[in-house]
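Residue numbering for the sequence shown follows full-length UniProt numbering, starting at 1 and increasing by one per position.
All C-beta atoms, glycine included, are put in the ideal place defined by N, C-alpha and C.
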Amino acid sequence: MNNKSPKKPINKTNIFRFIGMFIILLSLVVGIFFSSQKFIENYKLGTDFKGYYSALVAVDDANEEQNNDGQPNGDAKKAAKSLEQRLNPMGTNQIIVETAGLNYLKVLSPVDAYASETVFKNQIQRSGGAIILDESGDDLQFSGDERKGINEFFTSAKTISITTNSGKNPALAFDLNGSEFTSSIFTEEVTEKKLAMMLDTDGLYNDIRNWYLLVEGKDQRAKVKSYFDVILTPMRSLYNTTSDNKIKNIIADLFAATYQSSSSGGIATRQYVNIITNQNITQDDFINYINNDFEFLSDVSKYVYDPNATTDDFKADGKYGSEVVGYTTNSSSTTVLASNTKEAFSIINKMMFEFVYSTIWPSVQNDYKSMATRLDSYRLFVGTVSSTKTVATPGYIENNKLILEFSGQPESKARIATSIFNASSQGYIFTVNNVSMIDGTITSIMLTTALIFMGIVVLALMIYSAFLYRILGMFMIAVILAITGLTLMSTTWFGLTLGVEAIIAIIMIIAVNLEIFSIIFENMKFNAYTKHRNIKSSFMISIKENIFLAIDILISLIIPSISLFWITSNAIQSFAIIILMGSFFSIALAIIGATILNRMLLSTNWLNNKPWLFALNTDFVNQGKIVLNYKLKNLKDKAEKLKKSEASNDKLKVIEDKIHKIEEKIALIDHKHETKNAAMEAKYQATIKQKIAKLEAKISKLDGEKNKKQILKLELKINELQFVLDDNSEKIIEQESEIVLQTQDKVKVRRVEKTIKHGSKLLMIIFLALASIGALFIGLLGPNYDSTFGYRTEYTFWGTKVENLDTAATVVAENPEVSEDFRTALEKINENEDGYEIEYRVALFLDLLFKDPETINILANSGSRTYEYHNFSLNYGDSFDYITGSTNAENEIPWVTLTINTANSRQSAVVKNLFLQIAQISKEETLTTEGGYIAKRIRPFTFQNMALQLIIASFVIILALLIYIFIRFKWTYYIAMIVGIVFTPILALAAIIALQIPLGVTTLISLTVSVSFVCISMFVVFGKARSLISSRDEQSLVNYFKQEIDFAVSIKDKKRLLKETIFAKKSALKIKIKEEELNKVQRKEQKLAYKKEKHQLYLEFKNAKKAIKVEITKVSKQNNYLKEVMAYTFKYAIIRSLLVGAIYTVVALLLSITLTPIISFGLSVIISVVSASLVVLFICIPVWIWLEQIRIRNNLSRKRFINGLKVTGEEQIIEGIND
């Protein structure tokens, strides 16, 4: 006999499920690894972390006459938009443009946004604009020696989309300016023509010679090797083989350069080199050059001209009519390259077009994808243009527009081209005076410390999730890490520079996903532990009930982010992109991927066999007295195990004794609460009786005849209070002790109502107080702007004026009126005369001086005007060229720039007087190359646009949410959400201003966070509230709203009766007039009597309606159901605000503590999150409850009234039949 037990059959389905789970988890891990690697290799940091370039840019207008005083002639305010469009056409780069006086701009850009300072400078100075070329490369705007400007061909350009059989193609539409363009290229015989449109050709020339800076990679040697292989070797070959000396000279000029070298005596000198003509230069030589301040000598802007240049500009006395001079093969001397700019452009453009898009293009396309994209962006269009629309040609004329289609190209190409064309066609010429690189305010130590603490927070969240949800929590962690990694990687796709907005955006994505998983898992636990369903069924029910809420939460992020993406720019657009990408990855992984993964796990029945791997049962938390209930739960579990294992009665008795003691403690606590509640109820009753007694005493003192109205009002108040006193519903609620809801929560309704009422009043008082304080500060002190906003003044000194300040430092050190401490500190600076360069010594002097307003006031001697301390910064260098408007390494002219964070004219007057008194420096002096002084008031441009964009985006968000909410929710939710979206940023901004937190870009980001956070909060809270309401059928709601419905229906009945009565009287009047044949006077009297009676009936109806509404208000207080909803929703919102808000608050506090330079951002985020939470709790929820009660009542009463009309109609029909 075989006693072996039969083997269990292998469940092949489970094996496939485990393999599927393994593949999904492995994919997540691999995704986390590779996305992190990709991010680490290609990320770019913003200004706070890596520093920024600050360029002073002179603005010239080619359409205006030149100034005689050497100053640029352009309008800085008008030109700011043009330059911003050129530098930031897609809006994703965090570039800030400010006006600096009337003719200058200040441009700030993160260091990581450009490969080098040279590339940044070249990008600003690009002036090639849009040029139309024929197939041979000649300028099509020339007809012989005559040239027409681009604006004579086109008035404007815009991005459109063209629908084709294969889908939609992005396109560029140029509005034609009459027939100038068509007549220039088409004739009766020629209806098609090949042409090319180039953008910023000088940028293309710079990119070719600066390839070693732009090509991808971090290894310098590899980048230099690429430069030699792709650019220098082919260019040297072209130089050697061409027989055209003009081409040779231009190539030599392009690659003429200089670098710094030290002699044996340690003296620094500039050496000249030409890396094309000197073909013995090796890669090692070139690496040595670029490590020693290597730079090209030639400015490529001399080869191009303004797209609006016309015939007169190329004449001998025109701005493009003079000879073009360049450097020779030895780079130290110059030679004539072309007779004028037209000839120079023709030579270089044909040569470079052939070199780039033919000679080296195959290797660039195959091996350097990013550089291919970059170089191809200069070639806006190459193809055939037809005089009519045809399928075969990508360009054509239609409806007085030139349409250029970009089949298979991203829309960004068309958008960038539109921005560059519109900006370049305005005729502005931008020249960089000088560029300073300002170090980031956040050091590597600060950033490392912040990352460590953030890692601790993330680790704590992971441990919490794993402990609370066990294996489900582990899956959740893997999914959230994958979403985070992919979101960070996506920032490299858009080339975003990451600032503080990226940190808070990533935290929002993590927090949202934590909330989604928690909602699903908590509902799953409720069904498993409270409803005692199996785990798989619990999961399916939870998904069915919460999947749409999860989608709503992500939609609440997507809708605002899309609005912000399309409308805003700069850091706010970067924030929106990160949120958008995180939301899309969340839909793919958290909603779809995690659902599949968890379902596969539950289908294996593994958790049924190993229940300890399932989520922790936390019912004891919902029962209050968490510690006692947790102990009680554990003891009961032990007792159950002992009973099943048939252990000794002694152990069981010990545990049961402990259980009994804990239950007694819980009962004692409950008794204390009941006693306290009874005392509160008695106090409440006594307060109402006291109010009634006061009102009765007041009535007794009034004259019954003279004060009838006042007595009536007082009696109505007494009736109202008496109604509340006799209200049985409150007693019923108190007898039930507490409301029992889904999770057995017990919420004191009256306490919740009282809390909301007092909280709403307190919030409004706080808001009014903050608004008043903020207005007072703004009125007295002005807004507290940070450096990103502008509103500061810059004082730039160079050459002899720096020497004047250096001499002034010696004189001030001997001034007896100045404090001894100041003189001592200044003498230490002067003692190092030989050790410090003059510009550094002057910078130290000014730094010491402007830290001491008292000394400034003594030296300035400005009478009643006094200088107050303001934040300031100093920059300095040794190469300033005023005439050409750019820094030049050959001109060793020292310069110092003092920046004071105020644009107040009185303060500026004191500063100017100070320089006049101590150094005889006056603004009225003539500016020369050898020395000068310029004061510029910096005003915001980009920041103002961002603020306006944010306001517009808020309205667009409201409109976009309107559509979605009307689909998914009721109108009551929408109104409550609008209140939250509008009021939250206003409250946050009032608090920020009142607390004197500096206003800047970070303020706008924090206000954006407040809008996003309040949207998420309201979708989550109202989603839960809606599920509570939808859990009731219509009959249940009718029972709850019975009295209110009865009164509401009675109003409708009275209104119907009124209409019927008026109709009957009107009909009777008509019959009477007709039958009795009344004369005109009698008819008039009858109509007048009818009108009086009609008016009286309306008055009676209004009085009755008013009285019924009073009754509705009274009975609505008996509606226990909506009180339950409000109580549950309020408690849920509080718990959610504490848990989710804690994540944001902790992160913001860590940022404030570890990254002290951006403490204002951390505080602003905390204020924004707290404001959003308070608005949801004390404004949005009460507004929604009030509106929802009206909606339900009106809806049910309307149905009752319509049903009543149907019954009445049927009864009338039956009566007619019986008759």
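Quiz item: When the Cβ atoms of the stretch 898 to 907 are set against those of the stretch 525 to 540, are three or more pairs found closer than 8 angstroms?
Solution: Judged by Cβ distances under 8 angstroms, the stretch 898 to 907 makes no contact with the stretch 525 to 540, as fewer than three pairs qualify.
Exercise. Taking residue 199 and residue 378 to be in contact with their CB atoms under 8 angstroms, please state how far apart those CB atoms are, rounded to whole angstroms.
Key: The residue given as residue 199 occupies position 199 in the sequence shown. The residue given as residue 378 occupies position 378 in the sequence shown. With a contact defined as Cβ atoms closer than 8 angstroms, residue 199 and residue 378 qualify at about 6 angstroms.
Practice problem: Locate the beta strand (DSSP E) running through residue 60, then write down its first and last residues. | Solution: Numbered from 1 along the sequence shown, position 60 holds the residue referred to as residue 60. Per DSSP, the continuous beta strand (DSSP E) segment holding residue 60 begins and ends at 52 to 61.
Self-check item: Proximity of residue 1133 and residue 1181 at Cβ, strictly below 8 angstroms
Solution: By one-based count along the sequence shown, residue 1133 stands at place 1133. By one-based count along the sequence shown, residue 1181 stands at place 1181. Closer than 8 angstroms, so yes.
Quiz item: Per DSSP, which one or two residues make a beta bridge with residue 877?
Solution: On the sequence shown, residue 877 is found 877 positions in, with the first residue counted as 1. Per DSSP, 895.
Exercise. Note down the Cα distance separating residue 793 from residue 76, rounded to an integer number of angstroms.
Key: Translated into the one-based positions of the sequence shown, residue 793 becomes position 793. Translated into the one-based positions of the sequence shown, residue 76 becomes position 76. Looking at the two C-alpha atoms, the distance is approximately 16 angstroms.
Practice problem: Could you check the C-alpha separation between residue 801 and residue 555 for me, to the nearest Å? | Solution: Along the sequence shown, one-based indexing puts residue 801 at 801. Along the sequence shown, one-based indexing puts residue 555 at 555. Using only the alpha carbons, I get a separation of about 60 angstroms.
Practice problem: Could you tell me which of 186, 775 and 461 sits nearest to residue 992, measuring between CA atoms? | Solution: As a working mapping, residue 992 is identified with position 992 in the sequence shown. Closest by alpha carbon: 775.
Quiz item: In whole angstroms, what separates the C-alpha of residue 1161 from that of residue 51?
Solution: The residue you call residue 1161 lines up with position 1161 of the sequence shown. The residue you call residue 51 lines up with position 51 of the sequence shown. Approximately 17 angstroms, taken between the alpha carbons.
Quiz item: Nearest to residue 755 by alpha carbon, out of 686, 449 and 1174?
Solution: By 1-based counting over the sequence shown, the position of residue 755 is 755. Considering only alpha carbons, the answer is 1174.
Quiz item: In the DSSP assignment, what residue or residues form a beta bridge with residue 41?
Solution: Residue numbering aside, residue 41 sits at position 41 when the sequence shown is read from its first letter. Answer is none; residue 41 lacks a bridge partner.
Quiz item: On the three-state DSSP scale, how would you describe residue 907?
Solution: What you label residue 907 is simply residue 907 of the sequence shown in a count that begins at 1. Annotated three-state conformation of residue 907 is helix, per DSSP.
Exercise. Rank 533, 185, 154 and 611 by C-alpha distance to the C-alpha of residue 173 and give the top, closest one.
Key: On the sequence shown, position 173 is the one that residue 173 refers to. The option with the nearest alpha carbon to residue 173 is 154.
Quiz item: Residues in its own chain within less than 7 angstroms of residue 82 by CB, not counting five upstream and five downstream?
Solution: Position 82 of the sequence shown, counted from the start, is the residue given in the question as residue 82. Answer for residue 82: 423, 426 and 428, listed in chain order.
Self-check item: Exposure label - residue 16; buried when at least 16 CB within 10 Å
Solution: Walking along the sequence shown from the start, residue 16 turns up at place 16. The residue in question, residue 16, is exposed, as its Cβ has fewer than 16 Cβ neighbours within 10 Å.
Quiz item: When every heavy atom of the ligand ZN is checked, does at least one fall within less than 7 angstroms of the C-beta of residue 582?
Solution: Summarising the ligand content, the structure contains no ligands, and the ligand ZN is consequently not present.
Practice problem: Answer with buried or exposed for residue 147, where buried requires no fewer than 16 other C-beta atoms within 10 angstroms of its C-beta. | Solution: Residue numbering aside, residue 147 sits at position 147 when the sequence shown is read from its first letter. Residue 147 is buried by the Cβ-count criterion.
Quiz item: Can at least three beta-carbon pairs, one atom from the stretch 941 to 949 and one from the stretch 78 to 95, be found at a separation below 8 angstroms?
Solution: yes
Quiz item: If you draw a straight line from the alpha carbon of residue 337 to that of residue 323, how long is it in whole angstroms?
Solution: Locating residue 337 in the sequence shown gives position 337, where the first residue counts as 1. Locating residue 323 in the sequence shown gives position 323, where the first residue counts as 1. Taking the straight line joining both Cα atoms gives about 7 angstroms.
Exercise. Less than 8 angstroms between the CB atoms is what I'm expecting for residue 414 and residue 406, so what's the real figure, rounded?
Key: Sequence index remark: in the sequence shown, residue 414 carries index 414 (1-based). Sequence index remark: in the sequence shown, residue 406 carries index 406 (1-based). With 8 angstroms as the limit, residue 414 and residue 406 qualify as a contact, their Cβ atoms being about 6 angstroms apart.
Exercise. With residue 256 as the anchor, note down where its beta strand (DSSP E) starts and where it stops.
Key: Reading the sequence shown from its first residue, position 256 is the one you call residue 256. Looking at the DSSP string, the run of the beta strand (DSSP E) that includes residue 256 is 256 to 262.
Quiz item: Does the Cβ-Cβ distance between residue 62 and residue 245 come in under 8 angstroms?
Solution: Taking the first residue of the sequence shown as position 1, residue 62 is located at position 62. Taking the first residue of the sequence shown as position 1, residue 245 is located at position 245. No, the pair does not count as a contact, with Cβ atoms beyond the cut-off.
Quiz prompt | Alpha-carbon spacing of residue 24 relative to residue 613, whole angstroms | solution = Taking the sequence shown and counting its residues from 1, the one referred to as residue 24 is at position 24. Taking the sequence shown and counting its residues from 1, the one referred to as residue 613 is at position 613. Distance between the alpha carbons of residue 24 and residue 613 is about 20 angstroms.
Quiz item: Which residues share a DSSP beta bridge with residue 799?
Solution: As a first step, residue 799 must be located in the sequence shown, where it is residue number 799. Residue 799 is bridged to 931.
Exercise. Label residue 508 either buried or exposed according to how many other C-beta atoms from any shown protein chain fall within 10 Å of its C-beta, with 16 as the threshold for buried.
Key: In the sequence shown, the residue the question calls residue 508 occupies position 508. When all chains shown are included, residue 508 counts as buried.
Quiz item: Taking three-plus beta-carbon pairs below 8 angstroms as touching, is the stretch 123 to 136 in contact with the stretch 187 to 206?
Solution: yes
Exercise. Keeping to the same chain, check which residues put their C-beta closer than 6 angstroms to that of residue 122; ignore five residues upstream and five downstream.
Key: Locating residue 122 in the sequence shown gives position 122, counting from the first residue. The beta carbon of residue 122 lies closer than 6 angstroms to those of 206 in the same chain, with the five residues before and after it left out.
Self-check item: C-beta atoms of residue 957 and residue 412 nearer than 8 angstroms
Solution: Locating residue 957 in the sequence shown gives position 957, where the first residue counts as 1. Locating residue 412 in the sequence shown gives position 412, where the first residue counts as 1. Result no, Cβ atoms of residue 957 and residue 412 do not sit closer than 8 angstroms.
Practice problem: Taking residue 305 as the reference, give the member of 295, 343, 279 and 759 with the closest Cα. | Solution: As a first step, residue 305 must be located in the sequence shown, where it is residue number 305. Of the candidates 295, 343, 279 and 759, the one whose C-alpha sits nearest the C-alpha of residue 305 is 343.
Quiz item: Among all the DSSP beta bridges, which residues are the ones paired with residue 139?
Solution: On the sequence shown, position 139 is the one that residue 139 refers to. Paired residues: 133.
Quiz prompt | Residues near residue 1188 by beta carbon distance below 6 angstroms, same chain, minus five either side | solution = For the purposes of this step, residue 1188 is identified with residue 1188 of the sequence shown, where counting begins at 1. So the list reads 972, once near-sequence residues are dropped.
Exercise. Verify the CB distance criterion: does residue 660 have a CB-CB separation below 8 angstroms to chain C?
Key: The structure shown contains no chain C; it holds only a single protein chain.
Quiz item: Cβ of residue 501 within 8 angstroms of Cβ of residue 575?
Solution: In the sequence shown, counting from the first residue as 1, residue 501 sits at position 501. In the sequence shown, counting from the first residue as 1, residue 575 sits at position 575. Cβ atoms of residue 501 and residue 575: closer than 8 angstroms.
Practice problem: Work out the CA separation of residue 381 and residue 951 for me, nearest whole Å. | Solution: Residue numbering aside, residue 951 sits at position 951 when the sequence shown is read from its first letter. Residue numbering aside, residue 381 sits at position 381 when the sequence shown is read from its first letter. Rounded to whole angstroms, residue 951 to residue 381 spans 37 angstroms at the Cα level.
Exercise. Say whether the stretch 27 to 39 touches the stretch 470 to 487, bearing in mind that this needs 3 or more beta-carbon pairs closer than 8 angstroms, one atom from each stretch.
Key: yes
Quiz item: Looking at the structure shown, is residue 381 part of a helix, part of a strand, or coil, going by DSSP?
Solution: The residue labelled residue 381 in the question sits at position 381 within the sequence shown. In the three-state scheme derived from DSSP, where H, G and I count as helix and E and B as strand, residue 381 is classed as strand.
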